[in-house]
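Have a look at the structure below, then the notes.
2 protein chains.
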Amino acid sequence: MELSCKSEYAVLALLELAAHFSQGEPLQIRQIAAQQSIPDRYLEQLLATLRRGGLVRSQRGAKGGYYLAREPHNITVLEALECIEGGNIQQTCPEDEPKTSESAIVREIWQEARDCAHAILQNYTLQDLRDRHDQRQDVNPMYYI
Amino acid sequence: MELSCKSEYAVLALLELAAHFSQGEPLQIRQIAAQQSIPDRYLEQLLATLRRGGLVRSQRGAKGGYYLAREPHNITVLEALECIEGGNIQQTCPEDEPKTSESAIVREIWQEARDCAHAILQNYTLQDLRDRHDQRQDVNPMYYI
DNA sequence: TGCAAACCCCACTGGAGAACCGGGGTATAA
DNA sequence: TTATACCCCGGTTCTCCAGTGGGGTTTGCA
């Protein structure tokens, strides 16, 4: 799992869409980009990936934009990450399968660590993040401007 | 955490050194590379990094080689990984600090996932991996040839 | 019908890291 | 002294990230 800037942008965009989910009107790339300080041309690519992954839908033409394909509590952070960096198998390492018995064990440990991180990320939905955000704003409304 | 081929090579090399830890004689790069199917010139670089990180020591000259700096049960997998990919802060993302309140929350989730994976990796020592390996060999000695 | 808003697709750049290869230098045992 | 084996530095190819840019297509609206 990468947990890179790219992934962060994707989740932020989804959060922005989640915040306007009940409105029914689509959000434009420009608006999302401005709200979350994301380069709009880059965000465009990420949203296209999210669309192909079935997490968002788009409306073309004037007054178009993007909206969530599902309700915020039905989209997990893990889904977003797997969608955005799904094609990245990154097996530049020529060994597609372990050559030694030690290698197999090391990869078991790798998988165990990944599974643990995945469990955390699967446990959070967009709605969870929104709730956490709103809670924090209520407690200390002047902290973020 | 990368969990790449590079990291796997490093742990495999450490495991090989751990297997010969009690002998007292150093292991040569060639031997480790042959045993674990690692390109020897690449392994050389990794061992140099591990040496600079204090995980292994080297003996130069004829009959030289590498040996573990500590006992196998005192070296964790996490240590190996942090050593081998330590310089990799990977903040190509220009945002050194979160710009929005949502961004801060997303990074908290990121950190939580990373911490979870780190906990797993810290829990395993080289000795643990050796034990697991030996156990498996005992139970089904024909499984790996 | 025509315009402009907005998505859509493709290509390109610059930088970093992975996974190597190779050459030459240096320390050390025999 | 010589062969061994580590040491250091640099180059190569590849992929991905983080953007930027150009042109095409769909659509609402006047």
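So the protein sequences, as listed, match chains G and U.
Position 136 of the first sequence, counting from 1, maps to 136 under this note's numbering, and the rest follow consecutively.
Take the position in the second sequence, starting the count at 1, then add 1000; the result is the number in this note's numbering.
Just so you know, even glycine gets a beta-carbon here, dropped at the ideal spot from N, CA and C.
Predicted model, so just to flag it, every value in this text is computed and none were measured.
Does any C-beta atom of chain U lie closer than 9 Å to the C-beta of residue i?
| i | result |
| --- | --- |
| residue 124 of chain G | yes |
| residue 82 of chain G | no |
| residue 15 of chain G | yes |
| residue 45 of chain G | no |
| residue 60 of chain G | no |
| residue 50 of chain G | no |
| residue 137 of chain G | yes |
| residue 85 of chain G | no |
| residue 79 of chain G | no |
| residue 11 of chain G | yes |
Chain U partners of residue i, CB-CB under 7 Å?
| i | result |
| --- | --- |
| residue 31 of chain G | The contacting residues do not exist; residue 31 of chain G stays about 14 Å from chain U at best. |
Along chain G, in chain order, which residues have C-beta atoms closer than 8 Å to that of residue i?
| i | result |
| --- | --- |
| residue 1114 of chain U | 3 and 117 |
Using a beta-carbon distance below 9 Å, is residue i in contact with chain G?
| i | result |
| --- | --- |
| residue 1056 of chain U | no |
| residue 1020 of chain U | no |
| residue 1071 of chain U | no |
| residue 1132 of chain U | yes |
| residue 1025 of chain U | no |
| residue 1008 of chain U | yes |
DSSP puts residue i in a beta bridge; with which residues?
| i | result |
| --- | --- |
| residue 68 of chain G | G:56 |
| residue 1027 of chain U | U:1066 |
| residue 125 of chain G | G:76 |
Could you work out which residue in the options is closest to residue i when comparing CA atoms only?
| i | options | result |
| --- | --- | --- |
| residue 40 of chain G | G:51, G:28, G:74 and G:19 | G:28 |
| residue 54 of chain G | G:44, G:123, G:65 and G:69 | G:69 |
| residue 1084 of chain U | U:1111, U:1064, U:1049 and U:1001 | U:1049 |
| residue 1110 of chain U | G:104, G:122 and G:137 | G:122 |
| residue 1013 of chain U | U:1032, U:1063 and U:1120 | U:1032 |
| residue 77 of chain G | U:1005, U:1119 and U:1106 | U:1106 |
| residue 1127 of chain U | U:1118, U:1043 and U:1071 | U:1071 |
| residue 1098 of chain U | G:9, G:1 and G:86 | G:9 |
| residue 1118 of chain U | U:1102, U:1100, U:1133 and U:1082 | U:1082 |
| residue 17 of chain G | G:101, G:86, G:47 and G:62 | G:47 |
| residue 3 of chain G | G:112, G:133 and G:86 | G:86 |
| residue 134 of chain G | U:1101, U:1001 and U:1116 | U:1101 |
| residue 1038 of chain U | U:1025, U:1062 and U:1005 | U:1005 |
| residue 1063 of chain U | U:1034, U:1025 and U:1021 | U:1025 |
| residue 30 of chain G | G:80, G:22 and G:43 | G:43 |
| residue 1 of chain G | G:80, G:132 and G:138 | G:80 |
| residue 1023 of chain U | U:1116, U:1051 and U:1065 | U:1065 |
| residue 1057 of chain U | U:1021, U:1136 and U:1073 | U:1021 |
| residue 1124 of chain U | G:138, G:113, G:60 and G:136 | G:113 |
| residue 1108 of chain U | G:61, G:120 and G:45 | G:120 |
Please list, in chain order, the chain G residues whose beta carbon lies closer than 9 Å to that of residue i.
| i | result |
| --- | --- |
| residue 1129 of chain U | 102, 105, 106 and 109 |
| residue 1036 of chain U | 99, 100, 102 and 103 |
Chain U partners of residue i, CB-CB under 8 Å?
| i | result |
| --- | --- |
| residue 75 of chain G | Here the premise fails: no neighbours, minimum Cβ distance about 14 Å. |
In chain G, which residues lie with their C-beta within 7 Å of the C-beta of residue i?
| i | result |
| --- | --- |
| residue 1068 of chain U | Result: empty, since nearest Cβ-Cβ is about 15 Å, beyond 7 Å. |
- Can you list, in chain order, the stretches of the alpha helix (DSSP H) that have 4 or more residues and sit fully within the stretch 1091-1117 of chain U? none
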